[in-house]
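Counted the way the numbering used here counts, the sequence shown spans residues 7 to 447.
By construction, the Cβ of each residue, glycine as well, lies at the ideal position given by its N, Cα and C atoms.
Note that the coordinates shown come from a computational prediction; the quantities given were computed from them, not determined experimentally.
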Amino acid sequence: MRLATPSVLSPISDRQAHDGAEAYYPRGISTFEEARLEPALLESLVLKFLFNTGQSSGRRVATELGLPFGPFPEYLRQLKNAQILTYTNSVTAGDFIYSLTDLGRARARSYLEECSYVGTAPVPFDDYLDSVAAQTIANEHPKEDDLRRAFEDLLISEQTFGMLGPAINSGRGLFLYGFPGNGKTSIAERITLCFGTSVWIPRVLCIEGQLVKLFDPANHEEMPRQTFGGLLDATDYDRRWIHIKRPTIVAGGELRMEDLEIRFDPVSKVSEAPLQLKSNLGSFLIDDFGRQRMQPVELLNRWIVPLEKRYDFLSLANGKKVRVPFDQLIIFSTNLEPRQLVDEAFLRRIPYKIHATDPTEQEFRQMIDIFAVKLGFDEVIPESVDHLINYHYKRTKRPFRCCQPRDLLLQVRNYCIYNDLPLVMKPEYFDFAVKNYFTVM
7 MRLATPSVLS PISDRQAHDG AEAYYPRGIS TFEEARLEPA LLESLVLKFL
57 FNTGQSSGRR VATELGLPFG PFPEYLRQLK NAQILTYTNS VTAGDFIYSL
107 TDLGRARARS YLEECSYVGT APVPFDDYLD SVAAQTIANE HPKEDDLRRA
157 FEDLLISEQT FGMLGPAINS GRGLFLYGFP GNGKTSIAER ITLCFGTSVW
207 IPRVLCIEGQ LVKLFDPANH EEMPRQTFGG LLDATDYDRR WIHIKRPTIV
257 AGGELRMEDL EIRFDPVSKV SEAPLQLKSN LGSFLIDDFG RQRMQPVELL
307 NRWIVPLEKR YDFLSLANGK KVRVPFDQLI IFSTNLEPRQ LVDEAFLRRI
357 PYKIHATDPT EQEFRQMIDI FAVKLGFDEV IPESVDHLIN YHYKRTKRPF
407 RCCQPRDLLL QVRNYCIYND LPLVMKPEYF DFAVKNYFTV M
């Protein structure tokens with residue numbers, strides 16, 4: 007990877023970055039040359055957008071493509087002179103309502119046959135490489151205070167906490183194993199917060215002439231505009247990029263090997279980034295590891311080079327292979343012992359194995375206190391909690407699980423709301439909740 011160039015990313019002071027502002031952002035552009043778009047690609051995006059909308063102002067075209075309006079009046083005038091566009095009406099000074107001529111519609115259909123994508127203009131792949139190098143988690147070395155801040159709403163044992171710090175700092179893969187319900191997924195989601203709150207990624211990439219959609223609303227969460235905190239003017243960044251929370255991508259038993267490759271849609275002629283590319287600069291959680299359709303050894307074989315080299319190789323639809331950043335913490339979460347899944351040679355490549363243990367009775371009681379406040383209970387009644395633990399755990403030799411305080415209190419809360427009762431804890435309410443919750447457990 008290469009260092010970020012000033013033309014793409016701009017620095018913010020270390021103090022601002024520590025306070026939650028991002029250390030880099032994509033600097034605004036004012037010309038098409040700065041956007042580094044091929045003329046044919048720019049023309050295809052403009053014509054396909056007008057073909058779909060029928061007519062539009064130049065300013066709206068610029069907004070939809072995420073490009074500056076400044077060069078558009080002259081560019082659209084040239085297309086009008088070439089009889090590809092025509093003026094339908096004037097809007098404001100220097101702007102008009104545009105529509106396609108017959109020649110323009112014919113050219114737009116040709117572009118749509120090649121690729122039906124209409125939307126934000128892509129970012130050159132080189133600029134994306136620079137952005138990953140500038141925001142890489144490899145440069146992040148969270149300390150104990152950072153971890154405690156990230157895990158402040160989660161109750162975990164000091165022993166587990168002490169193991170997490172070095173594992174997170176390694177930036178390499180780790181196993182989280184233990185019984186279901188002990189917070190493995192919750193731990194993985196908070197690990198990402200240790201690397202900082204947010205990053206910038208392109209919405210769409212242009213790789214070797216191929217369009218690859220990177221931003222995924224199902225897996226990425228856009229940061230509110232007000233979080234810029236005055237550091238960024240409303241027009242001071244490249245609109246082809248989006249400011250998101252550091253991603254935590256979760257894939258469970260449904261994960262397939264093809265989900266780890268660029269997926270090309272033969273109908274739209276647009277490609278979708280694989281999960282590991284979408285998780286760059288964050289964490290990628292393989293949940294329920296060992297329950298995927300492929301054998302565990304197949305999945306780990308896929309990660310051998312990326313885990314060691316921090317880059318991966320992907321194939322484009324045109325057959326070309328490209329080297330892409332592999333800049334995330336891979337977390338394998340499983341209910342099984344790691345040695346039951348893979349051999350010793352593979353376990354050496356995943357140096358950290360962290361056991362998400364059952365909570366102690368004291369921790370179980372603490373979690374009841376925490377969730378009672380969050381769920382709106384007036385008070386925690388010790389006698390009722392004693393009844394729950396003595397009759398439904400100790401007497402039955404039922405193990406404690408981290409998820410159970412929340413789940414049982416939710417059952418009690420729903421029971422009270424349905425029966426129009428005050429939100430209080432009573433032994434009989436816990437009896438009702440336990441009967442429902444543990445029917446087949």
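Buried or exposed by the 16-neighbour rule on C-beta atoms within 10 Å, applied to residue i
i    : result
G168 : exposed
G235 : Residue confidence for G235 is low, a pLDDT of 46 falling below 50, so the modelled location carries little weight and cannot support an answer.
L335 : buried
D294 : buried
I310 : exposed
T366 : exposed
R115 : exposed
F370 : buried
S321 : exposed
L106 : buried
E49  : buried
T445 : exposed
A112 : exposed
D133 : buried
G288 : buried
P388 : exposed
CA nearest to the CA of residue i, picked from the options
i    : options                  : result
L283 : I207, E214 and G187      : I207
I356 : R178, L170 and F102      : R178
T98  : D244, E434, R66 and V391 : R66
K326 : V273, L261 and Q216      : Q216
P272 : L429, Y123 and E434      : Y123
V328 : E150, P45 and I213       : I213
R297 : L266, E260 and L427      : E260
Q141 : P172, Y30 and P130       : Y30
L135 : P77, A224, Y317 and E146 : Y317
N225 : V256, Y421 and G202      : V256
Cβ neighbours of residue i in the same chain (closer than 7 angstroms, five flanking residues each side left out)
i    : result
F185 : N341, D364 and R407
N286 : V138, P331, D333 and Q334
N82  : The sequence shown places Leu at residue 82, rather than the Asn named in the question. Cβ neighbours of L82 beyond the five flanking positions: G64, L91 and Y104.
Y443 : D413, L414 and Q417
C200 : P148, D152, L153, A156 and I174
E120 : K275
T126 : L71, G72, R209, V210 and R246
P74  : I35, S36 and A68
M229 : S204, H249, I250 and K251
R196 : A156, F157 and L160
D242 : G34
P313 : Residue identity check: residue 313 is Leu in the sequence provided, not Pro. So the list reads R178, G179, I336 and R355, once near-sequence residues are dropped.
Residue i - partner residues in DSSP beta bridges
i    : result
S318 : The sequence given here has Asp at residue 318, not Ser. D318 pairs with V330.
T254 : S289
R269 : E278
V210 : K219
T340 : Y183
L48  : L48 pairs with nothing; no bridge assigned.
N324 : Answer is none; N324 lacks a bridge partner.
N95  : I103
I248 : I207
Cβ shell of residue i (< 6 angstroms), same chain only, five flanking positions each side left out
i    : result
W247 : P32, W206 and P208
S163 : none
A439 : L414, Q417 and V418
P433 : S390 and H393
R269 : E278
M373 : L161 and P411
F181 : F338, P344, I356 and K359
E267 : P280
Beta-carbon proximity list for residue i, same chain, < 8 angstroms, skipping 5 on both sides
i    : result
G187 : R407, C408, C409 and Q410
N95  : F102 and I103
Closer than 8 angstroms to chain B by CB, residue i
i    : result
A140 : Reference to chain B is not applicable here, since this structure consists of a single protein chain.
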